[in-house]
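Colleague: Quick one: the structure is below, questions incoming.
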Amino acid sequence: MQWEIVVGLEVHTQLSTQSKIFSGASTAFGAAPNTEACAVDLALPGVLPVLNRGAVERAIKLGLAVGGKINSPSIFARKNYFYPDLPKGYQISQYELPVVEGGSIKIQSGEVERVVRLTRAHLEEDAGKSLHEDFHGMTGIDLNRAGTPLLEIVSEPDMRSSAEAVAYAKTLHSLVRWIGICDGNMQEGSFRCDANVSVRPKGSDKLGTRCEIKNLNSFRFLEKAIDYEARRQIEVLEDGGTIQQQTRLYDSDKDETRAMRSKEDAQDYRYFPDPDLLPLEIGEDWIAQVRRGLPELPQQMRARLERDYGLSTYDAAALTGDREIVEYYEAVVEKLPSDPKLCANWVMGDISGYLNEEGKFFDSCPLFPAQLAQLLTRIKDGTISGKIAKEVFKQMWVKASAQPVAWKHSDPGPDINLADQIIESQGLKQISDSGELEKLVGEVIAANAKSVEEFKAGREKAFNALVGQVMKAAKGKANPAQVNEILKKKLTE
Amino acid sequence: MLNFGLTQLSALLAAKKISSAELTGEFLERSKSLNPDYNAFITLNEETSLAQARAADAMIAAGQAHALTGIPIAQKDIFCTKGWLTTCGSRMLSNFISPYDAHVIERFNAAGAVNIGKTNMDEFAMGSSNETSFYGPVRNPWDSTAVPGGSSGGSACAVAARMAPAATGTDTGGSIRQPAALCGISGLKPTYGLVSRYGMIAFASSLDQAGPMAKSAEDLALMLNVMTGFDARDSTSLEREPEDYTRDLEKPLEGLRIGLPKEYFVKEINDDVARAVEAAIAEYRKLGARTVEVSLPSTKLSVPVYYVLAPAEASSNLSRFDGVRYGYRAPEYTDLNDMYRKSRAQGFGAEVKRRILIGTYVLSHGYYDAYYIQAQKLRRLIAQDFIEAFKQCDIIMGPTSPTVAFNLGEKSSDPVQMYLSDAYTIAVNLAGLPAMSIPAGFGNQNRPVGLHIIGNYFAEAQMLNVAHQYQRATDWHVRMPIPLET
């Protein structure tokens, strides 16, 4: 039988606020245990939560970016359960009325283009951490993370493969970074996925029984966990068994998922509206204000890059993978509006390559857009060849890396004549003087009689060899187009 | 002097006829001598109180005195108080020294008041007789075989027995007004949201409200001036212009319309209480007020609605007491669940456990709609009744409690009988309205009767005016249960 995989994702994004969702304590990662937990986070007797408006604003941003509905009021509810790293004995979350409902995200997975619908996005607080090592059979509790703001983004079961799930997760990951609500750092747990996986006979429109795989913190694990889980379910069904609704954990060492708890022993969380927090009202004014502060979204921007710069769909998509890339790119194009394609090639090729090698991102690119633009201008105006440009670029990178500042959008940057300085000081300027070139060509023809013979006998290859000799004699600085022209002229004289 | 009101004490302090250290010393002496018999205080901390008194004397000397500077105030042990044992009447917090001050405590500290001690209370404010305290029951100063009421029984007893000139209380279903009535003092529960709940250990968050307890309405007004005010740390705190609650005390009552709910004067009320309340109302007519009959048809639902909602919130609020971070932890346990189970089984008393069980039940899957949601709907109806009634009257009056103080042990084995003793007070919390109780004579066995005065939202100044005018015309509020010379 042909099977179809059905996947829905719940993604916990940590919102990039300075302080926690219900207290003033810092959310910075990596502090010594319990040094970023105030009285509210410790749930001392008598303390009360106060909602961080910054967290709400970020939720509104997401809602607007996915075309969802911003609920007003939305309600904070208590999810009651006991666990040592849950200080109050309940988590403040949203249940019946979440802050965002609906919306969708367009994904591209190989040839498949799909619109994934969102069910909802709700605000909640994170729990602390239980540390089971280093305490001689006891458990340590670190409450630094307790109260960190999360936006849980829940999709409909609209994906049909692990690749689509990864494409969705990557698109969402890019979007939350794009709109500046989450730093997307997966190692630090800022972006965590739970996958709901089920299978059904191809062609069926009924959903199968699902299993939820918890806490997948990399795209690779997400893909492998879904693949494993789908295979497991198909095997069970093909052996005549039935799928039990379960929560499962993915073990990346063994590449398998394991049952954590089944539906029968699911807890009763006894949700009820938190009486310490008033219903969250979000007025039209607030929404409008957030909307004004929202950047151009990736999809709109892709369309614009294709339309205005004549870029291919592939280039436009690659440039908009990250807001910092495209901001950098547009700053380069601003200086060299005549050739957006050349700019795109260099930004995605050379700059990206160098950054990758150094493990850096565009926000810490040492070379400023204006510096790159000058180099590209020198290619365009024939001062240097593309080949020499690679060499100049290499040197520019080294020098720029010694600059004290990384690129910022507002900053024109230091030393915009870096490319010219290197070209000048090392005499890398292309030889475009036809007198000089004719002399060089003449010398090469005189010294390579054999090749000249061959060319005249009709062997095109010999022409290329002669061009190579001219370039060599010019130390690479000869203008290739001119060399071709002069050589052809002289050989046919 | 132990019988003086706050205005008189303040005048003596300002005129330097007495120092705060001397005043505090006198109240401390009386507290120390009476407390073994009455058990009003869980903690007396003489050194700290006297140090605060000396600081207050310095404020007075520097000309920086406020109305309450140097005056000793007894604080209910539900308010987190920095450096003080803060138990909430429970074994669960019997080792908890608070690292921070509640908003209410901060306000009294800023005003230069002296904390004279932390008063006994029903465990986590759950009780109407002060018998559920881990620290043992408080006794009624008028008759030591009687309960003082609860949950602010320690505060009521301390004021009635003149161990403190005034005290704080909290009121979730009558916990200020009922003990005030049973101990023959005045107590006021403000409109919900007027006093910040920050640092006040939560029982039922949507009902809890702190308020003052004192000998007279005038003293309550001075206390309220200190206690109220917006606090950004409590999301239910109301942002309002500050008021002077003494401003209307002297207004005549000519033309005042007193609403008498017909549902209040029926079979539940004892004759002795009815007689005292009717006499008080007759006094009001003499003062120029007139009475109108009003109806609060949903009021009979108050007790059942309350005993769904309050335990629901409590069951969740008390989850933090798990033995993990502070408070009581069982000495022996086998694993995590066993630690939770034993710490909570040993740390909480029977009434608290009963309410956690009720609350857990009504929030459970399959019961939530039938209990919690239904109770929320009825809560709105109960509030609506008052809104209708206040279209016909300015103020509502009735008995605070259907009976005078009952005997220790009399109702402690019958929770439902105990719950019914709050039948008149609970509806007010459900509606979020302000209300107070003032002494209005004596009933059976010469035990005090309280007159319940319910105001419209934010009508505290008017209620205090109504109470003050009565206290000018009567002397119930200055009667004392225990002579000063003991």
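If you read the protein sequences in the order shown, they are chains A and B. If you're matching positions, the first sequence starts at 2 in this note's numbering and goes up one per residue. If you're matching positions, the second sequence starts at 36 in this note's numbering and goes up one per residue. Note that beta-carbon positions come from the ideal geometry of N, C-alpha and C, so glycine has one too.
Output, in sequence order along the chain, the residues in the region 141-153 of chain A whose CB is closer than 9 Å to any CB in chain B.
Modeller: Ile142 and Leu144
Colleague: Buried or exposed: which applies to Thr243 (chain A), given that a residue is buried once 16 or more other Cβ atoms fall within 10 Å of its Cβ?
Modeller: The sequence position of residue 243 (chain A) within the first sequence is 242, counting from 1. Classification of Thr243 (chain A): exposed, given that the 10 Å Cβ count is below 16.
Colleague: For Val51 (chain A) and chain B, any beta-carbon pair shorter than 8 Å?
Modeller: As a working note, residue 51 (chain A) is residue 50 in the first sequence. Interface residue, yes.
Colleague: Residue range of the alpha helix (DSSP H) that His503 (chain B) falls in?
Modeller: Translated into the one-based positions of the second sequence, residue 503 (chain B) becomes position 468. First-last of the alpha helix (DSSP H) with His503 (chain B): Glu495 to Ala508.
Colleague: Taking 8 Å as the threshold (beta carbon to beta carbon), is Pro88 (chain A) in contact with chain B?
Modeller: Position 87 of the first sequence, counted from the start, is the residue given in the question as residue 88 (chain A). At a cut-off of 8 Å between beta carbons, Pro88 (chain A) contacts chain B.
Colleague: Tell me which residues share the same chain as Val1 (chain A) and place their Cβ nearer than 6 Å to its Cβ, disregarding the 5 neighbours each side in the sequence.
Modeller: Because chain A here runs from 2 to 494, residue 1 (chain A) falls outside it and cannot be looked at.
Colleague: Starting from Ala470 (chain B), follow the alpha helix (DSSP H) in both directions and report where the run begins and ends.
Modeller: In the second sequence, counting from the first residue as 1, residue 470 (chain B) sits at position 435. Looking at the DSSP string, Ala470 (chain B) is not in any alpha helix (DSSP H); the run it does join, the beta strand (DSSP E), is Ala470 to Phe477.
Colleague: Strictly below 7 Å CB to CB, what residues from chain A border Glu348 (chain B)?
Modeller: Looking up residue 348 (chain B) in the second sequence gives position 313. Those are Pro276, listed as they occur along chain A.
Colleague: In the DSSP assignment, the beta strand (DSSP E) including Cys194 (chain A) goes from what residue to what residue?
Modeller: Against the first sequence, residue 194 (chain A) aligns to sequence position 193. Boundaries of the beta strand (DSSP E) around Cys194 (chain A): Phe192 to Pro202.
Colleague: Hey, could you find the ends of the alpha helix (DSSP H) Pro339 (chain B) is sitting in?
Modeller: Start at 1 with the first residue of the second sequence, and residue 339 (chain B) comes out as number 304. Start and end: Ser337 to Asn352.
Colleague: Just to confirm the assignment, what range does the beta strand (DSSP E) spanning Arg495 (chain A) have?
Modeller: In the structure as shown, chain A begins at 2 and stops at 494. Residue 495 (chain A) is therefore absent and cannot be evaluated.
Colleague: Rank A:Leu16, A:Lys21, A:Ala56 and A:Arg54 by C-alpha distance to the C-alpha of Leu43 (chain A) and give the top, closest one.
Modeller: Here residue 43 (chain A) refers to the residue found at position 42 when the first sequence is read from its first residue. For Leu43 (chain A), the nearest C-alpha among the options comes from A:Lys21.
Colleague: Indicate the three-state DSSP secondary structure (helix, strand or coil) for Met235 (chain B) in the structure shown.
Modeller: Within the second sequence, residue 235 (chain B) is the residue found at index 200, counting from 1. If DSSP states are grouped into helix, strand and coil, Met235 (chain B) belongs with the strands.
Colleague: Under a three-way DSSP split, which group does Thr521 (chain B) fall into?
Modeller: Looking up residue 521 (chain B) in the second sequence gives position 486. With a pLDDT of 48 at Thr521 (chain B), under the threshold of 50, the predicted position of this residue should be treated as unreliable, and no value is reported.
Colleague: Would you mind stating whether Gly294 (chain B) and Ile431 (chain B) have Cβ atoms separated by less than 8 Å?
Modeller: Within the second sequence, the letter at position 259 stands for residue 294 (chain B). Within the second sequence, the letter at position 396 stands for residue 431 (chain B). It is a contact, given that the beta carbons lie within the stated cut-off.
Colleague: Got a sec: is the Cβ-Cβ distance from Ser337 (chain B) to anything in chain A below 8 Å?
Modeller: Within the second sequence, the letter at position 302 stands for residue 337 (chain B). Among the CB atoms of chain A, none fall inside 8 Å of the CB of Ser337 (chain B).
Colleague: One question on the structure: do Gly118 (chain B) and Asp157 (chain B) come within less than 8 Å of each other, judged by their Cβ atoms?
Modeller: Translated into positions along the second sequence, residue 118 (chain B) becomes position 83. Translated into positions along the second sequence, residue 157 (chain B) becomes position 122. Contact: no.
Colleague: CB Arg249 (chain A) to CB Cys212 (chain A), shorter than 8 Å?
Modeller: Position 248 of the first sequence holds residue 249 (chain A). Position 211 of the first sequence holds residue 212 (chain A). Taking 8 Å as the Cβ cut-off, Arg249 (chain A) and Cys212 (chain A) qualify as a contacting pair.
Colleague: Assign Asn80 (chain B) to one of three DSSP states: helix, strand, or coil.
Modeller: To locate residue 80 (chain B), count along the second sequence from 1; it is residue 45. Three-state result, Asn80 (chain B): coil.
Colleague: Could you tell me which of A:Tyr169, A:Tyr84, A:Phe83 and A:Asn72 sits nearest to Arg121 (chain A), measuring between CA atoms?
Modeller: Position 120 of the first sequence holds residue 121 (chain A). Closest by alpha carbon: A:Asn72.
Colleague: Taking Gln246 (chain A) as the reference, which of A:Val198, A:Asp286 and A:Asp206 has the closest Cα?
Modeller: Residue 246 (chain A) sits at position 245 when you count from the first residue of the first sequence. It is A:Val198 whose Cα lies nearest to the Cα of Gln246 (chain A).
Colleague: Three or more C-beta pairs closer than 8 Å, one from the region 502-521 of chain B and one from the region 244-260 of chain B: is that the case here?
Modeller: The region 502-521 of chain B, when compared against the region 244-260 of chain B, does touch it at the 8 Å Cβ threshold.
Colleague: If you measure beta-carbon to beta-carbon, which residues of the region 31-52 of chain A are closer than 9 Å to chain B?
Modeller: Ala40, Val41, Leu43, Ala44, Leu45, Pro46, Gly47, Val48, Leu49, Pro50, Val51 and Leu52
Colleague: Less than 8 Å between CB atoms is the rule here; does Leu259 (chain B) satisfy it with respect to chain A?
Modeller: Mapped onto the second sequence, residue 259 (chain B) falls at position 224. Chain A, which has no Cβ nearer than 8 Å to the Cβ of Leu259 (chain B), makes this no.
Colleague: Per DSSP, Arg325 (chain B) forms a beta bridge with which residues?
Modeller: Mapped onto the second sequence, residue 325 (chain B) falls at position 290. Note: Arg325 (chain B) sits in a beta bridge opposite B:Arg292.
Colleague: Against chain A, with Cβ distances strictly below 8 Å, would Ile236 (chain B) count as a contact?
Modeller: As a position in the second sequence, residue 236 (chain B) is number 201, starting the count at 1. Cβ-Cβ to chain A under 8 Å: yes for Ile236 (chain B).
Colleague: Select from A:Leu438, A:Lys171 and A:Val51 the residue whose C-alpha is nearest the C-alpha of Leu125 (chain A).
Modeller: Here residue 125 (chain A) refers to the residue found at position 124 when the first sequence is read from its first residue. The sequence given here places Glu at residue 125 (chain A); Leu does not occur at that position. The option with the nearest alpha carbon to Glu125 (chain A) is A:Val51.
Colleague: Output, in chain order, the set of chain B residues within a Cβ distance shorter than 8 Å of Pro85 (chain A).
Modeller: Here residue 85 (chain A) corresponds to residue number 84 of the first sequence, with the count starting at 1. Residues of chain B passing the Cβ test: Asp357, Val359 and Leu371.
Colleague: For Gly469 (chain A), count the other beta carbons within 10 Å of its own beta carbon; 16 or more makes it buried, fewer makes it exposed. Which is it?
Modeller: Reading the first sequence from its first residue, position 468 is the one you call residue 469 (chain A). Burial call: exposed.
Colleague: With C-beta atoms as the reference, is Ala475 (chain B) less than 8 Å away from Trp511 (chain B)?
Modeller: Mapped onto the second sequence, residue 475 (chain B) falls at position 440. Mapped onto the second sequence, residue 511 (chain B) falls at position 476. In contact: Ala475 (chain B) and Trp511 (chain B) (Cβ atoms closer than 8 Å).
Colleague: How do the region 89-96 of chain B and the region 130-142 of chain B stand: do at least 3 beta-carbon pairs fall below 8 Å, yes or no?
Modeller: no
Colleague: Under the DSSP definition of a beta bridge, which residues are partnered with Phe273 (chain A)?
Modeller: Residue mapping note: residue 273 (chain A) aligns to position 272 of the first sequence, counting from 1. A:Arg79, per the DSSP bridge assignment.
Colleague: Looking at the C-beta of Tyr329 (chain A), does it have a partner C-beta in chain B at a distance below 8 Å?
Modeller: As a position in the first sequence, residue 329 (chain A) is number 328, starting the count at 1. It does not: the Cβ of Tyr329 (chain A) has no partner Cβ on chain B nearer than 8 Å.
Colleague: Using a C-beta to C-beta distance shorter than 7 Å, which residues of chain B count as neighbours of Asn186 (chain A)?
Modeller: In the first sequence, the residue the question calls residue 186 (chain A) occupies position 185. Going along chain B, no residue has its Cβ under 7 Å from Asn186 (chain A), so there is no contact; the nearest lies around 28 Å.
Colleague: Once you ignore the five residues that flank Tyr407 (chain B) on each side, which residues in its own chain have a CB closer than 8 Å to its CB?
Modeller: Walking along the second sequence from the start, residue 407 (chain B) turns up at place 372. Taken in chain order, the residues that qualify are Val343, Leu344, Ala347, Val397 and Leu398.
Colleague: Compute every distance between the C-beta of Gly433 (chain B) and the non-hydrogen atoms of the ligand GTP, then say whether any falls below 7 Å.
Modeller: This structure lacks the ligand GTP, and indeed carries no ligand of any kind.
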